[in-house]
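Sequences listed follow chains D and L, in order.
Our numbering applies: residue 1 is where the first sequence begins, and numbers increase by one.
Our numbering applies: residue 189 is where the second sequence begins, and numbers increase by one.
Here the structure is laid out as structure tokens; the discussion comes afterwards.
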Amino acid sequence: MDALARVGAADRRSSELVTLVPGLEIIVTRALGPGDDARDAVQEVLARALAAIEQDRPIHGPFAAFVHGIAVHVIADALRARDRHRVSEAEPDSLPAVIPDALERLIDAQEQEAVNRALALLDPDERDLLRRCYVDGEKTAAIADDVGEPASRIRKRKSRVLQRLRGLLEGGRSTERHTFGACPTRKA
Amino acid sequence: MNALSNDAHVDADVVHRYVAGTLARDETASFERHLLVCLACQQAVRDGAAIRSGLRVSPAQLASRRRRSLTRWMPWLLPAAAAAALVLVVATRDEPVRRLGRLDTAPVFQPLPVRSSTSENDRRVDSAMTAYRAGDFARARALLSDVASRQPSPAIHFYLGVSALVMGDAKGAIEPLRAASEPGQAYSDDAHYYLAKALLRVGSADSAVAHLRAVRSEVRLAVRARALLDSVTAARSR
């Protein structure tokens with residue numbers, strides 16, 4: 001690659017790095033909890049990624065995967081520094097324990113209030129299904145086994161409940177499925 | 189609300205198990221690599237977190253609890269709560285923004301630009317930057333302040349301001365960092381960034397935002413400034 005092409009690639013990666021910040025915030029907040037530690041960790045990931053770009057280090061595979069690898073190490077360093085968790089040296093690429101409730105701090109208060117109101121309007125068994133998914137983190141197959149129904153039926157039921165929730169949040173204007181842009185990288 | 193619309197491209201269980209923290213490590217790593225580039229999944233995770241939060245304490249339970257306790261304590265509670273809320277609002281309104289101005293780690297010293305013209309000043313600057321590298325910011329600040337009064341330069345102003353900031357004296361950091369942020373100087377971008385931190389610390393968020401937007405030419409700092417700007421915007425909108 002000639003010098004001009006390298007500069008062009010570096011510029012593209014720097015621009016791409018900025019677009020990764022919202023996702024990084026989710027990942028880091030989930031692992032470290034909200035607050036200064038998470039903000040500092042995001043900054044550290046960006047600084048290390050930029051250093052790699054500036055030094056023209058070879059980046060194999062997708063750039064996002066490279067940045068994710070940095071994030072995993074920064075999170076592990078931060079947790080070691082806190083001495084809250086012990087992260088196995090033998091598994092540097094594994095993610096340590098998470099703080100799922102920390103993600104709630106990313107939600108705007110008004111939005112949370114609207115979701116709470118909509119959840120209150122669901123039937124108890126609908127809320128129970130969502131609770132088993134989002135609070136208990138059960139697989140739909142496990143829920144299906146438990147209630148003695150096919151997994152496909154549980155998945156459809158969950159889909160309908162979320163569709164209803166969406167409808168309630170939109171004031172009943174629409175119960176159609178949101179599109180929110182098709183994902184370019186993954187298919188079912 | 190986008191919690192399930194992502195199911196078209198991600199396995200139906202992945203998002204809710206990620207939100208609940210029960211996704212296996214290898215699945216988590218795989219999903220997070222995707223999450224970094226997928227806005228729909230980012231929104232689905234946020235939505236899932238809102239659902240989780242709403243379900244951990246159901247609205248009905250919450251409303252019922254509120255009704256019971258308010259009925260019992262209403263005559264006493266309202267004036268006390270109003271007073272407490274006022275104090276709390278005044279005390280914490282700016283706190284998230286101020287926290288963004290915290291500086292725990294001083295920027296790394298780059299030796300070459302920090303030089304003044306006289307040998308006496310050179311020795312003082314050397315001593316100051318030795319102290320700076322050792323983390324003795326009080327000594328560095330005292331020596332740099334002395335040099336700045338005799339032979340000011342952007343670099344001296346910059347490290348003087350940063351030393352004050354890392355010691356927690358944001359007010360004292362503002363003037364030297366402002367001097368270092370003058371356009372066309374070697375430390376201009378760095379000074380804008382750390383000046384923004386100092387301004388956040390004293391609650392001048394508007395001025396801080398202006399300085400973060402002024403960081404342009406140095407890519408590494410520009411990304412950090414952009415990230416900090418996003419955090420400031422989010423904190424102010426809460």
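Heads up, the beta-carbon is just placed ideally off N, CA and C, and yes, glycines get one too.
*Within the stretch 110-168 of chain D, ranges of the alpha helix (DSSP H) (whole runs, at least 4 residues)*: Segments of the alpha helix (DSSP H) lying fully in the stretch 110-168 of chain D: 124-130 and 140-147.
*To the nearest angstrom, how far is it from the Cα of R404 of chain L to the Cα of A423 of chain L?*
Cα-Cα distance, rounded: 23 angstroms.
*With 16 as the cutoff for other CB atoms within 10 Å, does A367 of chain L come out buried or exposed?*
So A367 of chain L counts as buried.
*A102 of chain D lies in the alpha helix (DSSP H); which residues open and close that run?*
A102 of chain D -> no alpha helix (DSSP H), and no H or E assigned at all.
*Taking Cβ-Cβ distances shorter than 9 angstroms, what residues in chain L pair up with V147 of chain D?*
At a beta-carbon threshold of 9 angstroms, none of the residues of chain L lie near V147 of chain D; the nearest stands roughly 16 angstroms away.
_Whole angstroms are fine: how far does the CA of D357 of chain L sit from the CA of L365 of chain L?_
Each residue's alpha carbon lies about 12 angstroms from the other.
_Restricting to Cα atoms, I'd like to know which of D:D108, D:R117 and D:L24 is closest to R164 of chain D._
Nearest to R164 of chain D by alpha-carbon distance, out of D:D108, D:R117 and D:L24, is D:R117.
_Under the three-state DSSP convention, the category G360 of chain L falls into_ = In the three-state scheme derived from DSSP, where H, G and I count as helix and E and B as strand, G360 of chain L is classed as helix.
*C-beta contact flag for L288 of chain L and V420 of chain L at 8 angstroms*: Remark: C-beta atoms of L288 of chain L and V420 of chain L approach each other more closely than 8 angstroms.
*Under 8 angstroms, do L224 of chain L and V28 of chain D count as touching if we go by C-beta distance?*
L224 of chain L places its beta carbon 8 angstroms or farther from that of V28 of chain D.
_L258 of chain L at chain D interface by Cβ criterion, 8 angstroms_ = Caution applies to L258 of chain L, whose pLDDT of 41 falls short of 50 and renders its modelled position unreliable; the value that the coordinates give is listed next. L258 of chain L does not count as touching chain D.
*asked:* 8 angstroms is my cut-off, CB to CB: does D125 of chain D come that close to chain L?
replied: For D125 of chain D, the answer is no, since every Cβ of chain L falls outside 8 angstroms of its Cβ.
*asked:* Give me the chain D residues within the contact set of D201 of chain L, using Cβ-Cβ distance strictly less than 7 angstroms, ordered along the chain.
replied: Under a criterion of Cβ atoms nearer than 7 angstroms, the residues of chain D adjacent to D201 of chain L are, in order, K139 and T140.
*Coil, strand or helix - S392 of chain L by DSSP*: Reduced to three states, the DSSP call for S392 of chain L is coil.
_Whole alpha helix (DSSP H) elements within the stretch 6-87 of chain D, 4-residue minimum_ = Segments of the alpha helix (DSSP H) lying fully in the stretch 6-87 of chain D: 21-32, 36-54 and 63-82.
*Work out the CA separation of A51 of chain D and L26 of chain D for me, nearest whole Å.*
Reading the sequence as shown, one finds Ile at residue 26 of chain D and not Leu. If I take the Cα positions, the gap works out to 22 angstroms.
*asked:* Give me the chain L residues within the contact set of Q112 of chain D, using Cβ-Cβ distance strictly less than 8 angstroms, ordered along the chain.
replied: Near Q112 of chain D (Cβ distances below 8 angstroms), the residues of chain L are A238, S241 and G242.
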